[in-house]
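Numbering (my numbering), first residue to last: 9 to 436.
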């Protein structure tokens with residue numbers, strides 16, 4: 009018979025199995041914080057002008073709209089070179105696909121770059137390190153019959169498209185914007201059939217974050233240098249997270265531990281089957297042992313006595329499959345199952361989204377867009393998954409109805425969950 013001492017938080021609970029008398033303490037831990045594929049070249053876009061649309065941060069000067077070359081190709085601009093190669097194969101000879109390599113304009117590093125006295129207006133400038141890319145894109149745009157901005161379908165991507173529209177003199181109120189959640193031929197073709205205007209709400213949301221980042225960083229970081237230590241930085245997100253961590257650590261330091269003891273016995277059946285059991289009740293009453301002397305008294309009273317197994321309960325449990333991946337749950341599983349940091353997980357996901365060479369399939373995007381807060385799966389993919397499960401595993405493995413998972417109230421739900429683009433491309 010063995011007894012154990014534990015230090016616990018709140019109500020007593022069962023401790024782990026042990027053969028010998030042990031002393032164990034656990035401290036409260038800090039939490040860390042099908043549509044038709046387009047077969048012909050896209051015709052030059054229609055220019056839609058709406059004077060009521062305000063471009064809140066566009067410089068005030070009047071600019072002549074771009075004049076397109078009707079004999080040119082359609083210029084499609086994405087963010088990464090890997091993505092551009094894949095999409096160019098889908099589109100054919102009437103298109104040319106180029107990459108912006110991310111942002112081309114930003115706030116200047118040498119100054120605040122925000123006019124706080126006049127509605128916090130940001131003052132952008134072209135990035136010197138992107139001059140070669142800008143010149144190349146301008147040159148292609150001058151020869152094009154249309155410009156389509158196909159940057160990523162999130163706030164940053166929308167802002168990059170807005171900046172590209174300014175650099176290339178493309179009317180942002182024209183249908184110059186296309187988006188797709190996965191890099192497949194059908195998804196790209198569907199996007200070409202449904203161009204839209206640049207979403208200024210998303211652009212302004214990105215700008216608000218960028219402005220806050222700059223103001224908080226430029227105003228608070230010098231204060232940290234003066235009061236705490238040189239080289240420290242403050243930020244819109246990290247400063248709040250540091251406060252939460254500090255508050256939790258103070259709670260841990262102020263916590264008064266509670267001691268309790270458990271008693272376990274090692275038993276053997278007539279068939280020499282060994283098992284361990286924990287003493288939880290004496291004469292029908294639940295035990296609560298708080299000192300070593302109490303625990304030892306109980307052990308002395310029952311030591312050496314035979315035990316009788318009066319009942320064995322077997323329970324069958326079922327649980328739903330985990331929800332489809334969002335960005336945060338993908339990162340969490342990357343750490344928990346693969347010991348990958350968030351940066352490494354997202355880098356790998358980016359490569360899978362942009363595509364890999366898969367034998368006779370060529371360059372194929374393998375997962376949907378990896379920045380999402382939604383657990384939603386499209387109806388088309390639900391039907392595809394149903395066919396795949398029934399064909400490969402049978403009806404026993406298919407639920408009577410698809411699992412549905414709720415979204416948080418703050419979720420944008422702009423894109424699907426992270427999922428494979430094709431179930432036919434298995435790891436084998």
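Where a beta carbon is used, it is the ideal one built from N, C-alpha and C, also for glycine.
Quick caveat, the model's predicted, so the values are computed rather than measured.
Residue range of the alpha helix (DSSP H) that includes residue 157: To locate residue 157, count along the chain shown from 1; it is residue 149. Element bounds for residue 157: not the alpha helix (DSSP H) but the beta strand (DSSP E), 154-157.
With DSSP collapsed to three states, give me the class of residue 313. Translated into positions along the chain shown, residue 313 becomes position 305. If DSSP states are grouped into helix, strand and coil, residue 313 belongs with coil.
As a quick exercise: from 263, 376, 431, 382, pick the residue whose alpha carbon is nearest that of residue 195. The sequence position of residue 195 within the chain shown is 187, counting from 1. It is 376 whose Cα lies nearest to the Cα of residue 195.
Would you kindly work out how many angstroms separate the C-alpha atoms of residue 192 and residue 369, rounded to a whole number? As a working mapping, residue 192 is identified with position 184 in the chain shown. As a working mapping, residue 369 is identified with position 361 in the chain shown. Cα-Cα distance, rounded: 11 Å.
By DSSP's criteria, residue 276 is part of a beta bridge. Which residues make up the other side? Walking along the chain shown from the start, residue 276 turns up at place 268. Note: residue 276 sits in a beta bridge opposite 282.
Near residue 223, which residues of its chain fall below 7 Å by C-beta distance, leaving aside the five closest residues on each side in sequence? The residue given as residue 223 occupies position 215 in the chain shown. So the list reads 122, once near-sequence residues are dropped.
Cβ-based neighbour list, residue 334, same chain, cut-off 8 Å, excluding 5 preceding and 5 following: The residue labelled residue 334 in the question sits at position 326 within the chain shown. Only 380, 381, 382, 383, 425, 426 meet the Cβ criterion.
Alpha helix (DSSP H) segment containing residue 86, residue limits: Taking the chain shown and counting its residues from 1, the one referred to as residue 86 is at position 78. For residue 86, no alpha helix (DSSP H) encloses it; the enclosing beta strand (DSSP E) starts and ends at 82-86.
State yes or no: is the C-beta of residue 108 within less than 8 Å of the C-beta of residue 187? Here residue 108 refers to the residue found at position 100 of the chain shown. Here residue 187 refers to the residue found at position 179 of the chain shown. Cβ atoms of residue 108 and residue 187: not closer than 8 Å.
Kindly identify the DSSP beta-bridge partner or partners of residue 107. As a position in the chain shown, residue 107 is number 99, starting the count at 1. Residue 107 pairs with 86.
Kindly indicate the opening and closing residues of the alpha helix (DSSP H) around residue 178. Here residue 178 refers to the residue found at position 170 when the chain shown is read from its first residue. Run containing residue 178: none; DSSP gives neither H nor E here.
Determine contact between the segment 167-176 and the segment 220-240, defined as no fewer than three beta-carbon pairs at a distance below 8 Å. no
Rounded C-alpha distance that separates residue 278 from residue 316: The residue given as residue 278 occupies position 270 in the chain shown. The residue given as residue 316 occupies position 308 in the chain shown. Going by the C-alpha atoms only, they are around 11 Å apart.
Cβ-Cβ distance between residue 168 and residue 87 below 8 Å: To locate residue 168, count along the chain shown from 1; it is residue 160. To locate residue 87, count along the chain shown from 1; it is residue 79. Yes.
Rounded C-alpha distance that separates residue 271 from residue 303: Stepping through the chain shown from its first residue, residue 271 is reached at position 263. Stepping through the chain shown from its first residue, residue 303 is reached at position 295. Cα to Cα, the separation comes out at about 7 Å.
Taking C-beta to C-beta, are residue 153 and residue 80 nearer than 8 Å? Indexing the chain shown from 1 puts residue 153 at position 145. Indexing the chain shown from 1 puts residue 80 at position 72. Contact flag set, yes.
Range covered by the alpha helix (DSSP H) that runs through residue 362: Start at 1 with the first residue of the chain shown, and residue 362 comes out as number 354. Element bounds for residue 362: 350-362.
If you scan the segment 218-284 from start to end, which runs of the alpha helix (DSSP H) of 4 or more residues do you find wholly inside it? 246-262
Per the contact definition of three or more C-beta pairs closer than 8 Å, is the segment 201-209 in contact with the segment 242-261? Too few Cβ pairs lie closer than 8 Å, so no.
How about residue 148 and residue 82: do their beta carbons lie closer than 8 Å? Taking the first residue of the chain shown as 1, we reach residue 148 at position 140. Taking the first residue of the chain shown as 1, we reach residue 82 at position 74. Using a Cβ distance threshold of 8 Å, residue 148 and residue 82 do not count as a contacting pair.
How about residue 112 and residue 131: do their beta carbons lie closer than 8 Å? Residue 112 sits at position 104 when you count from the first residue of the chain shown. Residue 131 sits at position 123 when you count from the first residue of the chain shown. Not a contact, by the Cβ cut-off of 8 Å.
Tell me which residue opens and which closes the alpha helix (DSSP H) that residue 141 is part of. Indexing the chain shown from 1 puts residue 141 at position 133. Note, residue 141: alpha helix (DSSP H), 139-150.
If you reduce the DSSP assignment to three classes, tell me which class residue 32 lands in. One-based indexing of the chain shown puts residue 32 at position 24. Summary for residue 32: the model assigns pLDDT 38, below 50, so the residue's position carries little reliability; its value from the coordinates is reported in the next sentence. Note: residue 32 maps to coil in three-state DSSP.
Confirm, please, whether the CB-CB distance from residue 93 to residue 371 is below 8 Å. Taking the chain shown and counting its residues from 1, one reaches residue 371 at position 363. Taking the chain shown and counting its residues from 1, one reaches residue 93 at position 85. Going by C-beta atoms, residue 371 is nearer than 8 Å to residue 93.
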